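Student:
In my numbering, the protein residues as written are 2 to 221.
(1) Under a Cβ-count criterion, where at least 16 other Cβ atoms within 10 Å of its own Cβ denotes burial, should residue 212 be classed as buried or exposed?
(2) Roughly how many whole angstroms lie between the Cα atoms of residue 30 and residue 41?
(3) How is residue 56 classed by DSSP in three states: helix, strand or coil?
(4) Go ahead and pull the three-state DSSP assignment for residue 87.
(5) Return the Cβ separation of residue 101 and residue 52 in integer angstroms, given the expectation that the two are a contact with Cβ distance under 8 Å.
(6) Helix or strand or just coil, what does DSSP make of residue 5?
(7) Could I get the ranges of all uninterrupted alpha helix (DSSP H) runs contained in the region 83-161, with 4 residues as the minimum, in chain order?
(8) Can you tell me whether residue 155 is buried or exposed, with buried defined as 16 or more other CB within 10 angstroms of its CB?
(9) Whose C-alpha, out of 11, 33 and 45, is nearest the C-alpha of residue 22?
(10) Going by the CB atoms, is the gap between residue 185 and residue 103 shorter than 8 Å?
(11) Excluding the 5 residues flanking residue 205 on each side, which residues of the same chain have their C-beta closer than 6 Å to its C-beta?
(12) What is the DSSP secondary structure of residue 78, counted as helix, strand or coil?
(13) Please report the straight-line C-alpha distance between residue 235 and residue 79, rounded to a whole angstrom.
(14) Excluding the 5 residues flanking residue 32 on each side, which residues of the same chain have their C-beta closer than 7 Å to its C-beta?
(15) Express the C-alpha separation of residue 56 and residue 14 in angstroms, rounding to a whole number.
(16) Would you mind stating whether residue 208 and residue 145 have Cβ atoms separated by less than 8 Å?
(17) Whose C-alpha, out of 6, 17, 11 and 5, is nearest the C-alpha of residue 140?
(18) In the DSSP assignment, find the unbroken alpha helix (DSSP H) run with residue 181 in it and report its ends.
(19) At the level of alpha carbons, what is the spacing between residue 131 and residue 70?
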C-alpha cells in the first residue's frame, strides 16, 4: 500500500472511531433521558471533550493531507467530505450533551410517562440513532442507494417535531403548573430535530464524495 493510501485509510479510520463515539453518546443520551439516569448523563457530558478532540485532530490531519498530496477528483472529494462530516458529528455530540445536561438539571426526575408517549420521544430517539448508524454504513460501504431512505427519516422527525408543539400546548393549557417543564421539553425536542438535520447533512456529504453530486439546496 502506498504512503498516500495509508494516510487516507488512517483518516477514514479516525472518522470511524469518532462516529462510533458520537453514536454511543446519542444512545446513552436516550437511555439517560428515558430512565432519568443522572450518572449516565454525567458520563455523556464528560465524554464531550473526547469528541471535540477528535474533530480538531481530523480537521488538522485532513489539512495536512491536502497540503502533502494535493489530491484531486475522488480523493479530494473524500477529504473535503471527511472534514465536514467530522464537524457535523461534533455538532450532533453537542446536542447529545445538551440532552444529558437536561437530565442532570432535572436531577433524575423522569419525564411524565403520558406526555413522553404522546410525543413519541422513544421513536424520535430511535429514528435518529438509525439515521446516524445507517449513514455510517453508507460511508463504509460507499453505497448511496440508501441515502433516500435515510433522509426520508428526517421528514418523519420534522412531522413529530411539529406535532409536539400542539401536544405540549394542549397539555400546558390543562396543566399550567407544568409550563416550565413543558418549555424545557420543547427545547429538548428542538435539539433532537436539529440532530435529524445534521444526519441529513452527513448523507449529502457522502453522496458528494461517492457520486460527485450536490444535494444541498436541491442540486443534482
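From the three backbone atoms N, C-alpha and C, an ideal C-beta is built for every residue, glycine too. Keep in mind it's a predicted model, so treat the numbers as computed, not measured.
Tutor: Judging by the given coordinates:
(1) Taking the first residue of the chain shown as position 1, residue 212 is located at position 211. Exposed, since its Cβ has fewer than 16 Cβ neighbours within 10 Å.
(2) For the purposes of this step, residue 30 is taken as residue 29 along the chain shown, with counting starting at 1. For the purposes of this step, residue 41 is taken as residue 40 along the chain shown, with counting starting at 1. If I take the Cα positions, the gap works out to 8 Å.
(3) On the chain shown, residue 56 is found 55 positions in, with the first residue counted as 1. Reduced to three states, the DSSP call for residue 56 is helix.
(4) As a first step, residue 87 is located in the chain shown; it is residue number 86 there, counting from the start. Looking at residue 87 - three-state DSSP - the assignment turns out to be helix.
(5) Taking the chain shown and counting its residues from 1, one reaches residue 101 at position 100. Taking the chain shown and counting its residues from 1, one reaches residue 52 at position 51. Not really, about 12 Å apart at Cβ, beyond 8 Å.
(6) In the chain shown, counting from the first residue as 1, residue 5 sits at position 4. DSSP places residue 5 in helix when its eight states are reduced to three.
(7) 114-120 and 122-142
(8) Residue mapping note: residue 155 aligns to position 154 of the chain shown, counting from 1. Per the 10 Å Cβ criterion, buried.
(9) Taking the chain shown and counting its residues from 1, the one referred to as residue 22 is at position 21. Closest option to residue 22, Cα to Cα, is 45.
(10) Along the chain shown, one-based indexing puts residue 103 at 102. Along the chain shown, one-based indexing puts residue 185 at 184. It is a contact, given that the beta carbons lie within the stated cut-off.
(11) Within the chain shown, residue 205 is the residue found at index 204, counting from 1. Here the set comprises 216 and 217.
(12) Along the chain shown, read from residue 1 onward, the residue named residue 78 stands at position 77. Helix at residue 78.
(13) The displayed coordinates of the chain run from 2 to 221. Any statement about residue 235 would go beyond what the structure contains.
(14) For the purposes of this step, residue 32 is identified with residue 31 of the chain shown, where counting begins at 1. Correct list, in chain order: 38 and 41.
(15) As a first step, residue 14 is located in the chain shown; it is residue number 13 there, counting from the start. As a first step, residue 56 is located in the chain shown; it is residue number 55 there, counting from the start. Cα-Cα distance, rounded: 13 Å.
(16) Working through the chain shown from its first residue, we reach residue 208 at position 207. Working through the chain shown from its first residue, we reach residue 145 at position 144. Yes, Cβ-Cβ distance for residue 208 and residue 145 is below 8 Å.
(17) If you number the chain shown from 1, residue 140 lands on position 139. The candidate whose alpha carbon is nearest that of residue 140 is 17.
(18) Against the chain shown, residue 181 aligns to sequence position 180. Unbroken alpha helix (DSSP H) run through residue 181: 180-212.
(19) Locating residue 131 in the chain shown gives position 130, where the first residue counts as 1. Locating residue 70 in the chain shown gives position 69, where the first residue counts as 1. Using only the alpha carbons, I get a separation of about 35 Å.
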